[in-house]
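First up is the structure itself, then whatever we jot down about it.
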Amino acid sequence: MAPEVKSVPQNRTESVLSKRGKHLADYQDFLVANLNKASANPFSEENPGGIVNLGTAVNRLLESDLATRLAQDDCFKFSPLNQHYYDFRGIKCLKISLSNFFARHFQPYKRVIAEKMIIFNGVSSCLDAISHVLCDPGDIIITPTPVYARIFTDVHDAARAIVEPLPLSEEEDENGQTFALKPEELERKIVSLRATGKNVRCFILVTPNNPLGDIYSAELMMELLNVCAKYEVHFVSDEIYGLSVFEGTKFTSLLSLDIPDPSRTHLLWGFSKDFGLAGLRIGVIYSFSEDVFQALSNMSLYKCTPQIVQEAAAALIEDIEWCDKFYLPLNSTRLANAYEYAASRLQSMGVQVRPAKAGLFIWGNARSLLHSPTEEDEMKLHEEALDAGVYIVPGMKLYCTTPGWFRLITSVTRKELQVGLDRLQEVLEARAKRCPEKLPDNVPNGGGDN
Ligand SMILES: Cc1ncc(COP(=O)(O)O)c(C=O)c1O
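In the working numbering, each number is its position in the sequence shown, counted from 1, plus 636.
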């Protein structure tokens, strides 16, 4: 399975690029390529024939409330100080605000020390940086799959670390769970890779999970942490969706646990998803290791977020009335509503929807509507949807090993979601007509509440 769209360029002069440069020039990332395609012709009231992007994980559910809050005087207040160099590791006021914010929302087991945080320009940048300081070229990072595919590229483009998938099975386990993550399988994977001479350095867990929408319990997290500690493998918890949990759901952050090997444990979080502020480019690394902090500090000049942006982010999360009492609860409610709306529409189209507890997405299975259970037909469905004006991500591009799955983003405007689902419905119905036994019993028209 080739998760990236490889396009070998024409006759590039050998000597122009380094090997690293050639590697970068020689591939096109599927998620980025499709984001660019959708952004070049986006659906809107003015451009109703444009592409509805239900593939890129953005959160637009409180977009105008965020814009209004960010337009207030305490956010982007420009001063001559913003014209100069600053502490590239992150400015003090944002780090203090973040340590208070984590204390309020992630139930830390120990006090989160503001000075130990590093602020970089997005969690992508944090993944690049942490892999750079933990791994040498060729070293192995394990991550459960399906997963946000850019983890593979983020740790490889510069750091040259290699991700080994730990595939989760779609078959139900003894507890009736699908895509279950088992600590003993992580252990087996570490042992078997080491037996072949591979240098396994790190385990990355995305929790809440993208694309599954699962939240991992404290018990499971502790077991995974203990496996990593036993084999001296770093544990990186990517919690970028940590507050994108559906109303009534409790999330367990790494910060809330009694960590067995602090020198090899690191947390990532950012403003792109929980606050729908991907354009501000803010990510944070909280490493429990002083050495890792030192190494990251020396990279910070290359990866820093502009001071004025950090100040605005600090103002947002310091405003408890707005942030904790208004924004976060409403975001949770809207995420759950958007999920419910899209899930019921998809089910009526014959798509099997996997229940989720968090995230901006639905993990759905359209295998019954594939003409053949193959990666080719899964890609064909994606292309048919794109031709019909809706972009969804095929599961195999997220390293799912069985065809038919796709990820669909629900946290867009209700109009976009509705139009996108209408278009997908037409595509699935056209498929079913070509193969009538695949038509679900009760396929209603599009629409739904607003
Ligand atoms: C699990 C995960 N980590 C990291 C990122 C990258 O986020 P950022 O916009 O902060 O670079 C994403 C974006 O989709 C993601 O889903």
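Glycine included, every Cβ here is placed at the ideal spot set by N, Cα and C.
No experiment lies behind these values; they were computed from the predicted model shown.
Touch test, the stretch 764–773 against the stretch 807–826, Cβ-Cβ under 8 Å, three pairs minimum: Result no; under three Cβ-Cβ pairs closer than 8 Å.
Which class does residue 903 belong to by DSSP, given the choice of helix, strand or coil? Here residue 903 refers to the residue found at position 267 when the sequence shown is read from its first residue. Strand.
Secondary structure at residue 858, three-state DSSP: helix, strand or coil? Numbered from its first residue, the sequence shown carries residue 858 at position 222. Secondary structure of residue 858 (DSSP, three-state): helix.
Residue 689: CB within 7 Å of a non-hydrogen atom of ligand 1: One-based indexing of the sequence shown puts residue 689 at position 53. Flag unset: Cβ of residue 689 not near ligand 1.
Using the beta-carbon count (16 or more within 10 Å), is residue 1165 buried or exposed? Summary: the structure shown does not reach residue 1165, with the chain confined to residues 637 through 1086, and so no result is reported for it.
How many Å lie between residue 819 and residue 789 at the Cα? Position 183 of the sequence shown, counted from the start, is the residue given in the question as residue 819. Position 153 of the sequence shown, counted from the start, is the residue given in the question as residue 789. The alpha-carbon of residue 819 is positioned some 25 Å away from that of residue 789.
Around the C-beta of residue 1035, are 16 or more other C-beta atoms found within 10 angstroms, so that it is buried, or is it exposed? Taking the sequence shown and counting its residues from 1, one reaches residue 1035 at position 399. Taking every protein chain shown into account, the CB of residue 1035 has 16 or more other CB atoms within 10 angstroms, so this residue is buried.
For the alpha helix (DSSP H) that residue 656 lies in, which residues bound it at each end? On the sequence shown, residue 656 is found 20 positions in, with the first residue counted as 1. Unbroken alpha helix (DSSP H) run through residue 656: 655–661.
In chain order, which beta strand (DSSP E) runs of at least 3 residues are fully inside the stretch 786–817? Runs of the beta strand (DSSP E) inside the stretch 786–817: 798–803.
Limits of the unbroken alpha helix (DSSP H) element including residue 980: Here residue 980 is taken as the residue at index 344 of the sequence shown, counted from 1. Membership of residue 980 in the alpha helix (DSSP H) is indicated by the continuous run 964–984.
Would you say the beta carbon of residue 938 comes nearer than 7 Å to a heavy atom of ligand 1? Residue 938 sits at position 302 when you count from the first residue of the sequence shown. No, ligand 1 has no heavy atom inside 7 Å of this Cβ.
Taking residue 1015 as part of the alpha helix (DSSP H), name the residues at either end of that continuous run. As a first step, residue 1015 must be located in the sequence shown, where it is residue number 379. First-last of the alpha helix (DSSP H) with residue 1015: 1011–1023.
Contact between the stretch 1044–1061 and the stretch 795–804 is defined here as three or more beta-carbon pairs at a separation below 8 Å; is this criterion met? With a cut-off of 8 Å, the stretch 795–804 and the stretch 1044–1061 do not count as touching, because too few Cβ pairs lie within range.
Determine the closest residue to residue 694 out of 910, 868, 962, 871, with distance taken between C-alpha atoms. Along the sequence shown, read from residue 1 onward, the residue named residue 694 stands at position 58. Closest option to residue 694, Cα to Cα, is 910.
Within the chosen definition, does the stretch 753–760 reach the stretch 913–927 through at least 3 CB pairs nearer than 8 Å? As far as the Cβ criterion goes, the stretch 753–760 touches the stretch 913–927, which means the pair count is three or higher.
Please list, in chain order, all residues of the same chain as residue 1063 whose beta carbon is under 6 Å from its beta carbon, the five residues on each side excluded. Position 427 of the sequence shown, counted from the start, is the residue given in the question as residue 1063. Within its own chain, the residues whose Cβ lies closer than 6 Å to the Cβ of residue 1063, once the five positions on either side in sequence are excluded, are 1020, 1021, 1024, listed in chain order.
At a cut-off of 7 Å, would you count residue 680 as near ligand 1, judging by its Cβ distance to the nearest heavy atom? As a working mapping, residue 680 is identified with position 44 in the sequence shown. Residue 680: no, Cβ never under 7 Å from ligand 1.
If you draw a straight line from the alpha carbon of residue 854 to that of residue 1026, how long is it in whole angstroms? Within the sequence shown, numbered from 1, the residue matching residue 854 stands at position 218. Within the sequence shown, numbered from 1, the residue matching residue 1026 stands at position 390. Approximately 38 Å, taken between the alpha carbons.
Below 8 Å on the Cβ atoms is my contact criterion, and I expect residue 718 with residue 943 to pass it. Report the Cβ-Cβ distance as a whole number of Å. What you label residue 718 is simply residue 82 of the sequence shown in a count that begins at 1. What you label residue 943 is simply residue 307 of the sequence shown in a count that begins at 1. In this structure residue 718 is in contact with residue 943, their Cβ atoms being roughly 6 Å apart against a cut-off of 8 Å.
Which complete beta strand (DSSP E) runs does the stretch 740–791 hold, if anything under 3 residues is left out? Those beta strand (DSSP E) runs which fall completely within the stretch 740–791 and span 3+ residues are 753–756, 776–781.
Who does residue 921 pair with in a DSSP beta bridge? By one-based count along the sequence shown, residue 921 stands at place 285. According to DSSP, residue 921 bridges with 754, 904.
Are the beta-carbon atoms of residue 848 and residue 782 separated by less than 8 Å? In the sequence shown, residue 848 corresponds to position 212, counting from 1. In the sequence shown, residue 782 corresponds to position 146, counting from 1. With a cutoff of 8 Å on beta-carbon distance, residue 848 and residue 782 are scored as near each other.
Got a list of residues with beta-carbon closer than 6 Å to any non-hydrogen atom of ligand 1, in chain order? Counting only beta-carbon distances shorter than 6 Å to the non-hydrogen atoms of ligand 1, the qualifying residues in chain order are 693, 758, 759, 760, 784, 842, 846, 874, 876, 906, 908, 914, 919.
Using beta-carbon positions only, say whether residue 732 and residue 750 come within less than 8 Å of one another. By 1-based counting over the sequence shown, the position of residue 732 is 96. By 1-based counting over the sequence shown, the position of residue 750 is 114. Their beta carbons are under 8 Å apart, which means residue 732 touches residue 750 by this criterion.
Does the Cβ-Cβ distance between residue 994 and residue 881 come in under 8 Å? Translated into the one-based positions of the sequence shown, residue 994 becomes position 358. Translated into the one-based positions of the sequence shown, residue 881 becomes position 245. Yes, Cβ-Cβ distance for residue 994 and residue 881 is below 8 Å.
Counting Cβ pairs, one atom from each stretch, are 3 or more of them under 8 Å apart for the stretch 857–865 and the stretch 877–897? Touching, yes.
Which of the three DSSP states is assigned to residue 942 in this structure? Position 306 of the sequence shown, counting from 1, holds the residue named residue 942. When DSSP states are grouped into helix, strand and coil, residue 942 belongs to the coil group.
Could you give the distance in angstroms between the alpha-carbon of residue 948 and the alpha-carbon of residue 710? To locate residue 948, count along the sequence shown from 1; it is residue 312. To locate residue 710, count along the sequence shown from 1; it is residue 74. Cα to Cα, residue 948 sits roughly 7 Å from residue 710.
Counterpart residues of residue 870 in DSSP-defined beta bridges: In the sequence shown, counting from the first residue as 1, residue 870 sits at position 234. Answer is 838, bridged to residue 870.
Are the stretch 979–997 and the stretch 873–889 in contact at 8 Å, needing three or more beta carbon pairs? Yes, the stretch 979–997 touches the stretch 873–889.
Mind checking whether residue 916 and residue 742 have CB atoms under 8 Å apart? Taking the sequence shown and counting its residues from 1, the one referred to as residue 916 is at position 280. Taking the sequence shown and counting its residues from 1, the one referred to as residue 742 is at position 106. The answer is no: Cβ separation not under 8 Å.
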